[in-house]
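Engineer: Note that the protein sequences, when read in sequence, are chains C and S. Under this note's numbering, the first residue of the first sequence carries the number 7, and numbering increases by one thereafter. Under this note's numbering, the first residue of the second sequence carries the number 7, and numbering increases by one thereafter. Don't be surprised by glycine CBs; every beta carbon is placed ideally from N, CA and C.
Number of protein chains: 2
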Amino acid sequence: MSGIDACVVFSGGLDSSVCLASAVQEYGSTGTLAVTFLYGQKHSREVDYARTQVDHYGIGHKVIDLTAVGWGSSSLTSAHPIPAGDVDRSGIPSTYVPGRNLIFLSIATSIAESHGAKAVITGVNAVDYSGYPDCRPEFIAALQKTVDLGTEVGVSGRGVEIKAPLIGMDKAQIVSLGNELEVPFKDTWSCYAGNDVPCGVCDSCLLRQAGFRGAGIEDPV
Amino acid sequence: MSGIDACVVFSGGLDSSVCLASAVQEYGSTGTLAVTFLYGQKHSREVDYARTQVDHYGIGHKVIDLTAVGWGSSSLTSAHPIPAGDVDRSGIPSTYVPGRNLIFLSIATSIAESHGAKAVITGVNAVDYSGYPDCRPEFIAALQKTVDLGTEVGVSGRGVEIKAPLIGMDKAQIVSLGNELEVPFKDTWSCYAGNDVPCGVCDSCLLRQAGFRGAGIEDPV
Chain C
7 MSGIDACVVF
17 SGGLDSSVCL
27 ASAVQEYGST
37 GTLAVTFLYG
47 QKHSREVDYA
57 RTQVDHYGIG
67 HKVIDLTAVG
77 WGSSSLTSAH
87 PIPAGDVDRS
97 GIPSTYVPGR
107 NLIFLSIATS
117 IAESHGAKAV
127 ITGVNAVDYS
137 GYPDCRPEFI
147 AALQKTVDLG
157 TEVGVSGRGV
167 EIKAPLIGMD
177 KAQIVSLGNE
187 LEVPFKDTWS
197 CYAGNDVPCG
207 VCDSCLLRQA
217 GFRGAGIEDP
227 V
Chain S
7 MSGIDACVVF
17 SGGLDSSVCL
27 ASAVQEYGST
37 GTLAVTFLYG
47 QKHSREVDYA
57 RTQVDHYGIG
67 HKVIDLTAVG
77 WGSSSLTSAH
87 PIPAGDVDRS
97 GIPSTYVPGR
107 NLIFLSIATS
117 IAESHGAKAV
127 ITGVNAVDYS
137 GYPDCRPEFI
147 AALQKTVDLG
157 TEVGVSGRGV
167 EIKAPLIGMD
177 KAQIVSLGNE
187 LEVPFKDTWS
197 CYAGNDVPCG
207 VCDSCLLRQA
217 GFRGAGIEDP
227 V
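(1) In terms of residues, what are the limits of the alpha helix (DSSP H) holding C/ALA250?
(2) Is the CB of C/ASP20 under 7 Å away from at least one CB in chain S?
(3) Counting only the same chain and skipping the five closest in sequence on each side, list residues whose C-beta sits under 6 Å from that of S/ALA27.
(4) Counting along the chain, where does the alpha helix (DSSP H) carrying S/PHE145 start and finish?
(5) Residues of the stretch 74 to 89 of chain C in Cβ contact with chain S at a cutoff of 9 Å, in chain order, please.
(6) Report all residues from its chain with a CB closer than 6 Å to the CB of S/ASP11; omit the five preceding and five following residues, and keep chain order.
(7) List, in order along the chain, the chain C residues whose C-beta lies closer than 9 Å to that of S/ASP209?
(8) With three or more C-beta pairs closer than 8 Å as the rule, is the stretch 161 to 180 of chain S touching the stretch 126 to 140 of chain S?
(9) State the start and end residues of the unbroken beta strand (DSSP E) segment that holds S/LYS124.
(10) Count the CB pairs spanning the stretch 130 to 148 of chain S and the stretch 156 to 166 of chain C that are closer than 8 Å, and state whether there are at least three.
(11) Does the Cβ of C/SER162 have 16 or more other Cβ atoms within 10 Å, making it buried, or fewer, making it exposed?
(12) Would you list the one or two residues that DSSP bridges to C/LEU39?
(13) Buried or exposed: C/ALA221, going by 16 or more other Cβ atoms within 10 Å of its Cβ?
(14) Below 8 Å on C-beta distance, what does S/VAL161 contact in chain C?
(15) Thinking C/GLY18 and C/TYR63 are a contact (beta carbons under 8 Å), I'd like their distance in whole angstroms, please.
(16) Identify whether S/VAL159 lies in helix, strand or coil by the three-state DSSP scheme.
(17) Out of S/GLY46, S/SER210, S/ARG214 and S/SER196, point me to the one whose CA is closest to S/ASP71's CA.
(18) Alpha carbon to alpha carbon, how far is C/VAL14 from C/PHE43? Give it in angstroms, no decimals.
(19) Would C/ARG214 count as contacting chain S if we go by Cβ distances under 7 Å?
(20) What residues in the stretch 26 to 48 of chain C have a beta carbon less than 8 Å from any beta carbon of chain S?
(21) Across which residues does DSSP place S/ALA90 in a beta bridge pair?
(22) Mind checking S/HIS49: buried by the 16 CB within 10 Å criterion, or exposed?
(23) Which stretch, first to last residue, makes up the alpha helix (DSSP H) that contains S/LYS177?
(24) Can you list, in chain order, the residues of its chain whose CB lies under 7 Å from that of C/PHE145, leaving out five sequence neighbours each side?
(25) Any idea what DSSP makes of C/LEU172, helix, strand or coil?
(26) Quick one: which chain C residues come within Cβ less than 9 Å of S/ASP54?
(27) Does the distance from the C-beta atom of C/LYS151 to that of S/ALA148 stay below 7 Å?
(28) Looking at chain S, which residues of the stretch 120 to 133 of chain C have a Cβ within less than 7 Å of any of its Cβ atoms?
(29) Return the Cβ separation of S/SER80 and S/THR101 in integer angstroms, given the expectation that the two are a contact with Cβ distance under 8 Å.
(30) Just to confirm the assignment, what range does the alpha helix (DSSP H) spanning C/ASP21 have?
(31) In angstroms with no decimal places, state the Cα-to-Cα distance between C/LYS177 and C/SER136.
(32) Excluding the 5 residues flanking C/ALA114 on each side, which residues of the same chain have their C-beta closer than 6 Å to its C-beta?
(33) Mind checking S/ALA29: buried by the 16 CB within 10 Å criterion, or exposed?
(34) Taking Cβ to Cβ, would you say C/SER112 is nearer than 7 Å to S/ILE109?
(35) Using a Cβ-Cβ distance under 7 Å, would C/PRO104 count as near chain S?
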């Protein structure tokens, strides 16, 4: 696993699946590495969906288990129930996971640096999203500066760029892009609840439904 | 493990041991949590030394295994030999580990946020050090800004502060401070090589020797 071009933070969800398809198109299957994290999420079945897509593209894959970190009392990682219908609520929802994207992107950057990749790609989105602070452009910009200062590739000027291609798109645009890129939507998983079928009422389900509806595309999941 | 005050990134080496002793003095044994990382380092024996000190203080301890990240071709984590006598060389040495402090501090910040701690403490030092970019004040400042923007506690203004109390001290000052704080120096490990006794010629051994010599204190290791 050397000489890759891009490291994609890939959960198996809708947004990161679109990012992965785009990366494979741009960098090829040998140039793209997917990184997936276990962190005690109730919907760890997303990792199975991630594996199915990785097999589909024939790309490299790292699955990194971070459950030992603990991750606090987020409703995504603890006995607290996943809230229903939260999309329009202001403030940060109970599904917020402390430091999640900071940690995931830090690790992806390290992997990129180790393998000579110039890009780390994340599916964070700040339009149709749950209000997480670590999905906003200002967070990504600050992390880029931190990486530039704290890594050998940053100091040397060769650099690793953190790309968030979906950050300004609404969910319908993301679904449409995924459709163009032939994302295997049936192999993506969005629901936060830990059940066999999507709950249909959590933030993530509602955003997904609205996205497919807005794009005029039927969701096979 | 709730209601802690500080989370200390603790390798079992000299600098982080001084930080830990200082934290225990300031926050007490119940207020202090140590976090230690396995990342494929040749000198993983440092983790045994860390455990001995944790037992000494009777504090909480998380040991998090990150070897799955891979960590590239650093001489600290691969078959490449540890260089001897590198202290005065300019540039970044082969012992540089991609993204190490970014990842360690990101995880420590997440743990701090989860447990309501106000401080993350790191023993990074930019005076008598190996030239790693992720030990410099500008890196810590950029990471602080990233944490402020990317976490719930940052956005709410409650905040987690990343403290690097040794960053401007030379090694003799660090040893002297450790002596005042009654750090159990015999239970600290610095050597980068993976042997049973310190090699005496790697960066870390040379810096340690110079520190004890400068402080006029005998090193029990």
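Structural biologist: Answer, in terms of the structure:
(1) What is shown of chain C runs 7 to 227, which leaves residue 250 of chain C out entirely.
(2) At residue 20 of chain C the sequence reads Leu, which differs from the Asp that was named. C/LEU20 does not count as touching chain S.
(3) So the qualifying residues of the chain are LEU187 and VAL189.
(4) Note, S/PHE145: alpha helix (DSSP H), 143 to 156.
(5) Contacts with chain S (Cβ-Cβ distance below 9 Å) from the stretch 74 to 89 of chain C involve ALA74, VAL75, GLY76, TRP77, GLY78, SER79 and SER80, listed in chain order.
(6) Apart from sequence neighbours up to five positions away, the residues of its chain that approach S/ASP11 with a beta-carbon distance below 6 Å are TYR33, GLY37 and ALA123, ordered along the chain.
(7) None at all; the shortest Cβ gap to chain C is about 16 Å.
(8) Yes, the stretch 126 to 140 of chain S is in contact with the stretch 161 to 180 of chain S.
(9) Unbroken run through S/LYS124: none, as it is neither H nor E.
(10) Taking a cut-off of 8 Å on C-beta distances, the stretch 130 to 148 of chain S touches the stretch 156 to 166 of chain C, as three or more cross pairs fall below it.
(11) C/SER162 should be labelled exposed.
(12) Paired residues: C/CYS13 and C/GLY66.
(13) It is buried - the Cβ of C/ALA221 has at least 16 other Cβ atoms within 10 Å.
(14) Those within 8 Å of S/VAL161 in chain C are ILE98 and PRO139.
(15) About 13 Å separates the two Cβ atoms, so there is no contact after all.
(16) When secondary structure is reduced to three states using DSSP, S/VAL159 falls in the helix class.
(17) By alpha-carbon distance to S/ASP71, the top candidate from S/GLY46, S/SER210, S/ARG214 and S/SER196 is S/GLY46.
(18) The alpha-carbon atoms of C/PHE43 and C/VAL14 are separated by roughly 12 Å.
(19) Taking Cβ atoms only, chain S never reaches closer than 7 Å to C/ARG214, which makes this a no.
(20) Flagged: no residues at all.
(21) S/CYS208, per the DSSP bridge assignment.
(22) Answer is buried; the Cβ neighbour count reaches 16.
(23) For S/LYS177, the uninterrupted alpha helix (DSSP H) segment begins and ends at 177 to 186.
(24) Around C/PHE145: PRO139.
(25) In the structure shown, C/LEU172 sits in coil (DSSP, three-state: anything other than H, G, I, E or B).
(26) Under the 9 Å cutoff, chain C gives no residues; its nearest Cβ is about 18 Å from S/ASP54.
(27) With respect to S/ALA148, C/LYS151 sits close: the two C-beta atoms are nearer than 7 Å.
(28) Within the stretch 120 to 133 of chain C, the qualifying residues are SER120.
(29) Yes, they are in contact, since the Cβ atoms of S/SER80 and S/THR101 sit about 6 Å apart, within 8 Å.
(30) Here the alpha helix (DSSP H) through C/ASP21 covers 20 to 33.
(31) Using only the alpha carbons, I get a separation of about 12 Å.
(32) If we look at C/ALA114 and ignore the five residues flanking it on each side, its Cβ neighbours are CYS13, VAL15, VAL41 and VAL126.
(33) Per the 10 Å Cβ criterion, buried.
(34) At the C-beta level, C/SER112 and S/ILE109 come within 7 Å of one another.
(35) Interface residue, yes.
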